[in-house]
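Undergrad: If you scroll down you'll find the structure; I have some questions about it.
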Amino acid sequence: MMQKTLFDKIWEAHEVNQLDDGSSVFYIDQHYIHEVTSPQAFSGLRQRGVEVFRPKQTIATADHNVPTQNQHLPIKDPASAAQLLTLSQNCSEFGVSLFDLEHKWNGIVHVIGPELGLTQPGMTVVCGDSHTSTHGAFGAIAFGIGTSEVEMVLASQALMLNKPKSMKIEVKGDLNPGVSAKDLALYLISELGTDGGTGYFVEYCGSAIRKLSMESRMTLCNMSIEMGARGGLIQADEITFDYLKDLEFTPKGEEFDNMLERWRELKTDEGALFDISYSFDADHILPMITWGTNPGMAIPLNSTIPDPVRSDGSPHKEFLSAMNYMDLAGGESMLGKPIDYVFLGSCTNGRIEDLREFAKYVKGHKKADTVTVWIVPGSRKVMEQAISEGIEDALQLAGFELREPGCSACLAMNEDKIPPGKYCVSTSNRNFEGRQGPGSRTFLASPKTAALAAINGWIAV
Amino acid sequence: MSFNPIKRIVSPAVLLPLDHVDTDQIIPARFLKATSREGFGKHLFSSWRYQKNEEPDPEFVLNGKNGKGEILLVGENFGCGSSREHAAWALHDYGFRVVVAKSFADIFRGNAMNNGIVPVELKLAEHEELLNYIRKNPEAELMLDLPSETIQVKGSDKLKFNFVINPFRKECLTMGTDLVDSLITRKEEISQFEQNRKQK
Ligand code: SF4
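One line per chain: the protein sequences are A and B, in this order. Each residue of the first sequence is one higher than the one before, starting from 1188 at the first, in this note's numbering. Each residue of the second sequence is one higher than the one before, starting from 12 at the first, in this note's numbering.
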């Protein structure tokens, strides 16, 4: 029999049918929706006069467009309020469960799905959001879709897709102390490029990956889209099963044991072929930071911004335009660069492990006076855990405040916007021009680097 | 979503030959609060198109004399980043029906086809040839012929290039239908699949 990859196995198990042109009718197990990319899909259903086909397999949350303070008060911005109201009306009309603002399970869609046990190994998971790749950390095929596709899943629990090519990324050895999954992700994107993964689905493997916690695996898989890949997955193992046990939506007792048996079989066969394979040594990887306007423009923290002139003397136009936007120059060092804002949060680094890490480095210090810091938990559960673990107290002592959950300054749809021209060290995933607010300048980095910047007022190690 | 069927499009090309244009540039997040699909065209490329005082920036191509047309020519990895379909809606609302690129980001490509926009991926050399020609002849018209999967400078068979599009998607674009309808007709098949899976 032909050896198969984990991706092949999950893919084949979800093919309803193969069509003549080579595409597949592809079954979706778990569908998540949020307020920004779903309204037009529901209107589509209404226009066609169809119901949601499997309402139990869709879960809704309010996250992109929500305030991160005083969530108990009415929302000030009328357009945001209307969008959230539309979500709740759509959910009740079509019978979809919604974890609305202040619900104990509310939070960023890619934080709550995993922490509630809704995302499980072997599943197919989609959401109208590109960072759905996060859920691949559980050994699931998870990817972002557009609103028309949201409508397809609502209407039929299926999509029509062409199977992507497969890419293997092996990371051998051990990550150095102080190097996080975020550094690893930025390193891989800087090596492979922001379109290095286009057309591919990635499997991450190797000893450095196996040792990552579930939170770290989610950070890594989350950033797969930033190299253009549709998604990235990691074979489930004991770390995955321990994490999943006893969560709200994971099967319990005997049913869990039965699932475990099936989950343990979900792995890439020895000798299975990938369309392309890369291998990296973990000990080459250092703490990373971005200097430019896409996540691939990343360098080790202690190195300098690259020269915008190529070795053949020709100008590197993209670098020049990024440097112009960021007001930085080739050869400049990142260390010591003064910054104005720090954002800890997002579906990349808004989990409890990230808050713990941030708190660890700010403990016993004071927030720098020159810096505004937003600490935004990825979910209400994360927020509550941070309070019960004493993280909030430690943060307050150091002069920081814990806000309420949401996407916040990751995409700046709410009032959490970085002002024009200001520099922000951000644990989110995109440093595109204007991503964190018109004219904002973003340095993507790990929670540790964010913490050190928050207490120093500049980029530090 | 229904759109006008596309078979042949003849139009001058609007040039934005940048690489890695992400969906935050095509339509920034602050415009995503709407709950309908209409009206995004005025925000297309907003940060580049308008100055700080919200006046049109005369330097930006859409505000110039060659800024209107049904065909947009871009560089590589167009539409990377967010999955927001608002990017496709904004392009369509502005009037674009065809985007010619060296390459597209995966999600954008799908979103485009679901909204009556033909993504045309050309080989690097051909892309360059076309771009150079239009730079020299900005008034030249391009002609897309979807059934034959070709795009050419109108009247020049020398500057005529093939591209590839999934046959089923091509059919949808030429008929003006979308995949939602097609999937709805398959619900029985999908239910059967669910049944079989339970028994395993
Ligand atoms: S945190 Fe950022 S990347 Fe994640 S879902 Fe929200 S907006 Fe998207």
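Positions of the beta carbon are idealized from the N, C-alpha and C atoms, including for glycine. These figures come from a predicted structure and were not determined experimentally.
(1) Thinking just about the alpha-carbon of each residue, which of 1315(A), 1217(A) and 1379(A) is nearest to the one in residue 1227(A)?
(2) Tell me whether residue 1598(A), by its Cβ, gets closer than 6 Å to a heavy atom of ligand 1.
(3) Can you find a heavy atom of ligand 1 that lies under 6 Å from the Cβ of residue 1318(A)?
(4) Is the CB of residue 1619(A) under 7 Å away from at least one CB in chain B?
(5) According to DSSP, is residue 1637(A) helix, strand or coil?
(6) Would you mind giving the Cβ-Cβ distance between residue 1507(A) and residue 1493(A), rounded to the nearest angstrom? I have them listed as a contact below 8 Å.
(7) Ligand 2 and residue 1412(A): does the residue's C-beta get closer than 6 Å to at least one heavy atom of that ligand?
(8) Tell me, which residues are paired with residue 1217(A) by DSSP?
(9) Quick test of your reading: residue 93(B) and residue 35(B), contact by CB under 8 Å. State the CB separation rounded to the nearest angstrom.
(10) For a minimum of 3 consecutive residues, which ranges assigned as the beta strand (DSSP E) are wholly contained in the region 1231-1286 of chain A?
(11) Nearest to residue 1248(A) by CA position, among 1372(A), 1528(A) and 1593(A), is which residue?
(12) Could you give the DSSP three-state label for residue 1397(A): helix, strand or coil?
(13) Return the residues of the region 163-186 of chain B that lie within a Cβ-Cβ distance of less than 7 Å from chain A, sorted by chain order.
(14) Give a yes or no on contact between the region 1296-1313 of chain A and the region 157-176 of chain B, applying the rule of three or more CB pairs nearer than 8 Å.
(15) I'd like to know if the region 1345-1362 of chain A and the region 1458-1468 of chain A are in contact, where contact means that at least 3 CB-CB pairs between them fall below 8 Å.
(16) If you compare alpha carbons, which of 1252(A), 1284(A), 1285(A) and 1400(A) is closest to residue 1270(A)?
(17) Is residue 1222(A) helix, strand or coil by DSSP?
(18) Shorter than 6 Å, the distance from the beta carbon of residue 1613(A) to the closest heavy atom of ligand 1, or not?
(19) Under the DSSP definition of a beta bridge, which residues are partnered with residue 1559(A)?
(20) In the DSSP assignment, find the unbroken alpha helix (DSSP H) run with residue 161(B) in it and report its ends.
(21) Using alpha carbons as the reference points, say which of 1635(A), 1201(A) and 1591(A) lies closest to residue 209(B).
(22) For residue 1603(A) and residue 1420(A), I'd like the C-alpha separation in whole angstroms.
(23) Using the DSSP secondary-structure output, state which residues sit across from residue 1355(A) in a beta bridge.
(24) Given a threshold of 16 other Cβ atoms within 10 Å of its Cβ, counted over all protein chains shown, does residue 1574(A) qualify as buried or as exposed?
(25) Between the Cα of residue 1370(A) and those of 1543(A), 1295(A), 1489(A) and 1303(A), spot the shortest distance and give me the residue it belongs to.
(26) Based on the DSSP output, what are the partners of residue 1211(A) in its beta bridges?
(27) Closest Cβ-Cβ distance between residue 43(B) and chain A: below 7 Å?
(28) Between residue 40(B) and chain A, is there a C-beta pair that is closer than 7 Å?
(29) Under the three-state reduction of DSSP, which class applies to residue 143(B): helix, strand or coil?
(30) Look up residue 1613(A) in the DSSP assignment and give the residues it is bridged to.
(31) Span of the beta strand (DSSP E) holding residue 22(B)?
(32) Does the distance from the C-beta atom of residue 5(B) to that of residue 116(B) stay below 7 Å?
(33) Does any heavy atom of ligand 1 sit closer than 6 Å to the C-beta of residue 1332(A)?
(34) In chain B, which residues lie with their C-beta within 8 Å of the C-beta of residue 1293(A)?
(35) Considering only the alpha carbon of each residue, which of 1614(A), 1612(A) and 1605(A) lies closest to residue 1626(A)?
(36) Label residue 15(B) either buried or exposed according to how many other C-beta atoms from any shown protein chain fall within 10 Å of its C-beta, with 16 as the threshold for buried.
TA: Considering the structure as presented:
(1) As a position in the first sequence, residue 1227(A) is number 40, starting the count at 1. Comparing Cα positions, the closest option is 1315(A).
(2) The residue you call residue 1598(A) lines up with position 411 of the first sequence. Yes - ligand 1 has a heavy atom lying nearer than 6 Å to the Cβ of residue 1598(A).
(3) The residue labelled residue 1318(A) in the question sits at position 131 within the first sequence. If you check the C-beta of residue 1318(A) against ligand 1, you find a heavy atom less than 6 Å away.
(4) Along the first sequence, read from residue 1 onward, the residue named residue 1619(A) stands at position 432. Under the 7 Å criterion on CB atoms, residue 1619(A) is classed as interfacial with respect to chain B.
(5) Reading the first sequence from its first residue, position 450 is the one you call residue 1637(A). Shown here, residue 1637(A) sits in a helix according to DSSP, grouped into three states.
(6) In the first sequence, counting from the first residue as 1, residue 1507(A) sits at position 320. In the first sequence, counting from the first residue as 1, residue 1493(A) sits at position 306. Actually they do not touch by this definition, with Cβ atoms about 11 Å apart.
(7) Ligands in the displayed structure: ligand 1; ligand 2 is not one of them.
(8) Translated into the one-based positions of the first sequence, residue 1217(A) becomes position 30. Beta-bridge pairing links residue 1217(A) to 1312(A).
(9) By one-based count along the second sequence, residue 93(B) stands at place 82. By one-based count along the second sequence, residue 35(B) stands at place 24. With a Cβ gap of about 6 Å, residue 93(B) and residue 35(B) count as contacting.
(10) Note on the region 1231-1286 of chain A: whole beta strand (DSSP E) runs with a minimum of 3 residues are 1245-1248 and 1284-1286, in chain order.
(11) Within the first sequence, the letter at position 61 stands for residue 1248(A). Checked all of 1372(A), 1528(A) and 1593(A); the closest Cα to residue 1248(A) is 1593(A).
(12) Against the first sequence, residue 1397(A) aligns to sequence position 210. Here residue 1397(A) sits in helix by DSSP.
(13) Listed by position along the chain: 177, 178 and 179.
(14) Contact fails: fewer than three Cβ-Cβ distances are below 8 Å.
(15) Below 8 Å, enough C-beta pairs join the region 1345-1362 of chain A and the region 1458-1468 of chain A to call them touching: three or more.
(16) Reading the first sequence from its first residue, position 83 is the one you call residue 1270(A). Here the closest residue by C-alpha is 1252(A).
(17) For the purposes of this step, residue 1222(A) is taken as residue 35 along the first sequence, with counting starting at 1. DSSP, read as helix, strand or coil, puts residue 1222(A) in coil.
(18) Here residue 1613(A) is taken as the residue at index 426 of the first sequence, counted from 1. No.
(19) Counted from its first residue, the first sequence places residue 1559(A) at position 372. 1528(A), per the DSSP bridge assignment.
(20) Here residue 161(B) refers to the residue found at position 150 of the second sequence. First-last for residue 161(B): 161-164, but that is the beta strand (DSSP E), not the alpha helix (DSSP H).
(21) Translated into positions along the second sequence, residue 209(B) becomes position 198. Considering only alpha carbons, the answer is 1201(A).
(22) Here residue 1603(A) is taken as the residue at index 416 of the first sequence, counted from 1. Here residue 1420(A) is taken as the residue at index 233 of the first sequence, counted from 1. A straight-line Cα-Cα distance of about 31 Å links residue 1603(A) and residue 1420(A).
(23) Translated into positions along the first sequence, residue 1355(A) becomes position 168. 1390(A) and 1464(A).
(24) Indexing the first sequence from 1 puts residue 1574(A) at position 387. Around the beta carbon of residue 1574(A), fewer than 16 other beta carbons lie within 10 angstroms, which makes this residue exposed.
(25) Residue mapping note: residue 1370(A) aligns to position 183 of the first sequence, counting from 1. Among 1543(A), 1295(A), 1489(A) and 1303(A), the Cα nearest to that of residue 1370(A) is on 1489(A).
(26) Position 24 of the first sequence, counted from the start, is the residue given in the question as residue 1211(A). According to DSSP, residue 1211(A) shares a beta bridge with 1205(A) and 1348(A).
(27) Residue 43(B) sits at position 32 when you count from the first residue of the second sequence. Chain A, which has a Cβ nearer than 7 Å to the Cβ of residue 43(B), makes this yes.
(28) The residue given as residue 40(B) occupies position 29 in the second sequence. Interface flag for residue 40(B) against chain A is set, since a Cβ pair is found closer than 7 Å.
(29) Position 132 of the second sequence holds residue 143(B). In the structure shown, residue 143(B) adopts helical secondary structure according to DSSP, grouped into three states.
(30) Stepping through the first sequence from its first residue, residue 1613(A) is reached at position 426. Under DSSP, residue 1613(A) takes part in a beta bridge, and its partners are 1530(A) and 1631(A).
(31) Residue 22(B) sits at position 11 when you count from the first residue of the second sequence. Segment 19-27, the beta strand (DSSP E) holding residue 22(B).
(32) There is simply no residue 5(B) to check, as chain B begins at 12 and stops at 211 in what is shown.
(33) Position 145 of the first sequence, counting from 1, holds the residue named residue 1332(A). The answer is no for residue 1332(A).
(34) Translated into positions along the first sequence, residue 1293(A) becomes position 106. Under the 8 Å cutoff, chain B gives no residues; its nearest Cβ is about 19 Å from residue 1293(A).
(35) Along the first sequence, one-based indexing puts residue 1626(A) at 439. If we check each option's Cα against that of residue 1626(A), 1605(A) comes out closest.
(36) On the second sequence, position 4 is the one that residue 15(B) refers to. Exposed, since its Cβ has fewer than 16 Cβ neighbours within 10 Å.
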